[in-house]
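K.L.:
Protein chains: 2
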Amino acid sequence: MTSTTPPIPPGAPSGDAPVRRKRDRAAREREILDAAERIFGDHGYQGTSMDEIAAQVGVSKPLIYQYYGSKDGLFLACLSRLRAKLLDAVSEAVLAAPDAEQAMYAGFVAWFQFLDDHPRSWSVIVDEGMLSAGPAAQAADEVRADFVELIATMVRLNAPSTTDEEEIQIVAQTISGATERLAIWRTRLELPPSPEKTARTLQDLLWQGLANLQQP
Amino acid sequence: MTSTTPPIPPGAPSGDAPVRRKRDRAAREREILDAAERIFGDHGYQGTSMDEIAAQVGVSKPLIYQYYGSKDGLFLACLSRLRAKLLDAVSEAVLAAPDAEQAMYAGFVAWFQFLDDHPRSWSVIVDEGMLSAGPAAQAADEVRADFVELIATMVRLNAPSTTDEEEIQIVAQTISGATERLAIWRTRLELPPSPEKTARTLQDLLWQGLANLQQP
DNA sequence: CGAAAGAACTTACTCCCAGTAAGTTACTCC
DNA sequence: GGAGTAACTTACTGGGAGTAAGTTCTTTCG
């Protein structure tokens, strides 16, 4: 099970290999974070115990507490790492597009594609990141806030004459909520529609309405 | 604190008032369910302990387990009751409308209005009902499935020539996800946009795209 | 009436898991 | 090689979910 770091027997090994029972902190932290991301992704936040993570890494529980403070802290660390990756993927796709319409489509595709590429990691954010209590929930909200802001910016660029900030917020929340839900829905299908088809349908559904925002 | 049923001192009371230390089962079940709904709504699923509910009702914990089986079971019972109320409210609004466009708008308004009227109850479903693990999550999924089906039906009626069931599912998931997210978002604002404005903006955003579904 | 039966209800646990105190082991730098 | 420190562990506490086994009230039937 502990494929990464086989436990070293306490009885002293042969006397020349350094054996490095103690690794440097950064490496251990990464090791713990990797395991946590995987296990959280598999069993969810609630279904994961710190003891399990510790066992998988081949380390004792207090060490994890020393590095990450709490279960929430560890979860939050997983989340931050994923968040950066995800936001990068989508932003890059959006910025590379020649116009607003294609930017939106590209953003959608990137979003769904990322999901397909990192299914388990992703469920950390979407499936379980929705807890409303605790610091973890706050972090999940920050992830969402990032995307809402990204979407709102795009909407403003696309419909410059719209000054009703409240409407823009409604639209941005709508799109963010829709993509999130579609993401979850797709993961549960054995044969989900392709990222492209999903993105195109969403685009078709929203684009006309977005264009009309400026002249109501 | 236990305002509803003050604990009766074990020392035998005066000998004529019946005192009914034991109530009949149905009444107790309702009492427990009411308290659970309130406390789950206040502190969330995780933040609520069975001991707390038992204390509020003025009853011992095993009694609750006898009636509801588990924490999940109790939560699920709360959810079912709310789900019926909510689905009724929205369905009624939809069915009372003269045409598809107004039906959709009325459905949105009913949805957001219900939220405003039952804020705490609602957070049981939306804020915490999203756990992906356990039977509670399955129940939350059923709530969503009901609405997705309702929306899908409306879409089919509105765009009869569309035969691509996959596209209809995408659209229904989109709308369901959007309304759910908007619901959560609104509860967190001190001065949210009115149900009507939220519904109208959403309607404006989606209606044109829906109409185009039939002739792509 | 009074005992039998069966509900409603409780005390007193078990187990599991997040989190911690205090100590031990390996590495490092003089 | 010894002092100092970072990495790490054992062995706990506390709290909450869930349970076994019993106790008290109420109804029913002789």
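These protein sequence lines are chains A and B, in that order. Using our numbering, the first residue of the first sequence is number 1, and each one after it goes up by one. Using our numbering, the first residue of the second sequence is number 1001, and each one after it goes up by one. Glycine is no exception: its CB is placed at the ideal position from the N, C-alpha and C atoms.
For the alpha helix (DSSP H) containing residue 193/A, list its first residue and its last residue.
P.N.:
Counting along the chain, residue 193/A falls outside any alpha helix (DSSP H), and DSSP gives it neither H nor E.
K.L.:
Could you check whether the stretch 1196–1205 of chain B touches the stretch 168–176 of chain A, counting it as contact only if at least three pairs of C-beta atoms, one from each stretch, sit closer than 8 Å?
P.N.:
yes
K.L.:
Assuming residue 1041/B contacts residue 1121/B (C-beta within less than 8 Å), just tell me the rounded distance between them.
P.N.:
Right, their Cβ atoms sit about 6 Å apart.
K.L.:
Could you please give the first and the last residue of the uninterrupted alpha helix (DSSP H) stretch that includes residue 61/A?
P.N.:
61–68
K.L.:
Spatial neighbours of residue 1147/B within its chain, please: CB distance less than 7 Å, with the 5 preceding and 5 following residues excluded, ordered by chain position.
P.N.:
1176
K.L.:
If contacts are defined as beta-carbon pairs under 8 Å, then residue 198/A and residue 186/A qualify, I think. What distance do you get, rounded to the angstrom?
P.N.:
7 Å
K.L.:
What residues in the stretch 1155–1173 of chain B have a beta carbon less than 7 Å from any beta carbon of chain A?
P.N.:
1166, 1167, 1170, 1171, 1173
K.L.:
Taking the continuous alpha helix (DSSP H) assigned at residue 1188/B, which residues delimit it?
P.N.:
That run of the alpha helix (DSSP H) goes 1165–1188.
K.L.:
By the criterion of Cβ-Cβ separation under 8 Å, what are the contact partners of residue 153/A in chain B?
P.N.:
Going along chain B, no residue has its Cβ under 8 Å from residue 153/A, so there is no contact; the nearest lies around 17 Å.
K.L.:
Just to make sure I have the definition right: I need the residues of chain B whose C-beta is within less than 8 Å of the C-beta of residue 261/A. Which are they?
P.N.:
The structure shown does not extend to residue 261/A, since chain A is modelled only from 1 through 216, so no value can be given for it.
K.L.:
Which whole-angstrom value is the C-beta distance of residue 95/A and residue 140/A, which I expect to be below 8 Å?
P.N.:
Contact doesn't hold; Cβ gap of about 25 Å is too wide.
K.L.:
Use the C-beta contact count for residue 142/A: other C-beta atoms within 10 angstroms, 16 or more gives buried, fewer gives exposed.
P.N.:
exposed
K.L.:
If you reduce the DSSP assignment to three classes, tell me which class residue 1123/B lands in.
P.N.:
helix
K.L.:
Roughly how many angstroms lie between the CA atoms of residue 1103/B and residue 1030/B, to the nearest whole one?
P.N.:
Those two C-alpha atoms are separated by around 34 Å.
K.L.:
From the beta carbon of residue 1205/B, is the nearest beta carbon of chain A less than 7 Å away?
P.N.:
yes
K.L.:
Within the 7 Å Cβ cut-off, does residue 1193/B reach chain A?
P.N.:
Judged by the 7 Å Cβ criterion, residue 1193/B is in contact with chain A.
K.L.:
Roughly how many angstroms separate the alpha carbons of residue 1196/B and residue 1109/B, rounded to a whole number?
P.N.:
Cα to Cα, the separation comes out at about 6 Å.
K.L.:
The alpha helix (DSSP H) spanning residue 28/A covers which residue range?
P.N.:
Element bounds for residue 28/A: 25–47.
K.L.:
Excluding the five sequence neighbours on either side, which residues of its own chain have a C-beta within less than 8 Å of the C-beta of residue 182/A, listed in chain order?
P.N.:
112, 198, 202
K.L.:
Would you decide whether residue 123/A is buried or exposed? Buried here means 16 or more other CB atoms lie within 10 Å of its CB.
P.N.:
buried
K.L.:
Can you confirm whether residue 1185/B, when its beta carbon is compared against all beta carbons of chain A, has any partner nearer than 7 Å?
P.N.:
yes
K.L.:
If you draw a straight line from the alpha carbon of residue 1208/B to that of residue 1089/B, how long is it in whole angstroms?
P.N.:
26 Å
K.L.:
What's the gap between the Cα of residue 212/A and the Cα of residue 190/A?
P.N.:
36 Å
K.L.:
In chain order, what residues of the same chain have a beta carbon less than 7 Å from the beta carbon of residue 1068/B, not counting five sequence neighbours either side?
P.N.:
1074, 1077
K.L.:
Taking all protein chains shown into account, do 16 or more other C-beta atoms lie within 10 angstroms of the C-beta of residue 1153/B, making it buried, or fewer, making it exposed?
P.N.:
exposed
K.L.:
Taking Cβ positions, are residue 1084/B and residue 1107/B nearer each other than 7 Å?
P.N.:
no
K.L.:
Would residue 1119/B be called buried (16 or more neighbouring beta carbons within 10 Å of its own) or exposed?
P.N.:
exposed
K.L.:
Using C-beta distances below 8 Å, list every residue in its chain close to residue 1033/B, excluding the 5 sequence neighbours before and after it, in chain order.
P.N.:
1074, 1077, 1078, 1081
K.L.:
Taking 7 Å as the threshold (beta carbon to beta carbon), is residue 1209/B in contact with chain A?
P.N.:
Chain A, which has a Cβ nearer than 7 Å to the Cβ of residue 1209/B, makes this yes.
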